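Residue numbers (the working numbering): 3 to 237. By construction, the Cβ of each residue, glycine as well, lies at the ideal position given by its N, Cα and C atoms. Since the structure is predicted, the reported quantities are computational estimates derived from the model, not experimental observations. Below is one structure, written out as C-alpha cells; comments come after it.
Here is the structure:
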C-alpha cells in the first residue's frame, strides 16, 4: 500500500520519500557483511528492470491518498498529514500482523472510487516505476473494489488503461494490467470475462487474490476454464 506494501515506491518511516540507501548484505550469522561494496541506490535505479508482481492499490503516494480523500470526501484516514500517513503505512506493513498489514488497503481502495482518481493512481504508478528504472511492469488489482460509488467494472479498467497510456506516452515504460478476482467472492467468472474482453486494452492476465484458507482454486474452476479456452494467461 501507500509507501510500504508494494515493491514499488517504498519509503522510509520518516518522510514518505524513497530510501536514501540500500541495506548492506547480512551474513547467515546475522553480522553485517562489509566485504562487498553496497550498490548505490541511483545505480540500481538506472538499471533496466522488469516488474511482474505489483499491486496497483498497494503503492499509492501518501500525498496522493490525502488529496484524493479530500476530493472524494473520504474521512476514514488515520491522519491527513502526508508524512504522518507515510509513517502509519510503514508501521502497519512492518508490524508482522496480517490484519494490520491489510488495514492500509481499505484506505487506498477508498480513494480509488472515481475515473479521475483511478487514472491518476495508474499514471503515478507508471511514473514512479519509470523513475526507478522499470521498463516493463504488470500491475494487478481487483476492479470490483472500485465500484462502491457507481462505476462499472469496465469503467475501472478503462480508467487504469488511460493512466497507463499517459505514463507510457511520457516515459520509456510498458505497462500492463492483471485483473484479480477475490477468492472469497463468487464472481470470479465475471472477472475472468472482463479480463479476456480487455486483452486489447492492455490486460494480460487473470489472478485470484485474497485469503487462501477455505477458498481453494477449485471454487473458481469456471473462471480458469474460460481463460484456458481463450488462451489467456493466469497467474
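Start and end residues, beta strand (DSSP E) containing residue i
| i | result |
| --- | --- |
| residue 214 | Residue 214 -> no beta strand (DSSP E), and no H or E assigned at all. |
Under the three-state DSSP convention, the category residue i falls into
| i | result |
| --- | --- |
| residue 165 | helix |
| residue 63 | coil |
| residue 209 | strand |
| residue 187 | coil |
| residue 83 | coil |
| residue 113 | coil |
| residue 15 | Low confidence applies to residue 15: its pLDDT is 37, below 50, so where it sits in the model is not reliable enough to give any reading. |
| residue 198 | helix |
| residue 41 | coil |
| residue 143 | strand |
| residue 193 | helix |
| residue 148 | helix |
| residue 103 | helix |
Proximity below 9 Å, CB of residue i to CB of residue j
| i | j | result |
| --- | --- | --- |
| residue 166 | residue 132 | no |
| residue 215 | residue 190 | no |
| residue 119 | residue 155 | no |
| residue 81 | residue 90 | yes |
| residue 180 | residue 128 | no |
| residue 121 | residue 168 | yes |
| residue 234 | residue 194 | yes |
| residue 143 | residue 57 | yes |
Beta-bridge pairing of residue i - partner residues as DSSP gives them
| i | result |
| --- | --- |
| residue 1 | As displayed, the chain neither begins before 3 nor continues past 237, which places residue 1 out of reach and without an answer. |
| residue 127 | Bridge partners of residue 127: none, in fact. |
| residue 2 | A question about residue 2 goes unanswered here, because the residues of the chain that appear run from 3 up to 237. |
| residue 236 | 208 |
| residue 181 | 143, 208 |
C-beta neighbour in chain D for residue i, strict 9 Å
| i | result |
| --- | --- |
| residue 103 | Note that chain D does not occur in the displayed structure, where there is just one protein chain. |
Segment limits, alpha helix (DSSP H) that includes residue i
| i | result |
| --- | --- |
| residue 226 | 223 to 231 |
Is the segment 137 to 155 touching the segment 49 to 57 in the sense that three or more CB pairs, one from each, lie closer than 8 Å? yes
Across the segment 61 to 72 and the segment 85 to 93, are there enough close Cβ pairs to call them in contact, namely three or more that are closer than 8 Å? With a cut-off of 8 Å, the segment 85 to 93 and the segment 61 to 72 count as touching, because enough Cβ pairs lie within range.
Taking contact to mean at least 3 C-beta pairs separated by less than 8 Å, is the segment 171 to 187 in contact with the segment 205 to 224? Flag = yes, the segment 171 to 187 and the segment 205 to 224 touch.
Does the segment 158 to 175 come close enough to the segment 108 to 124 that 3 or more CB-CB pairs lie under 8 Å? At 8 Å Cβ cutoff, the stretches touch.
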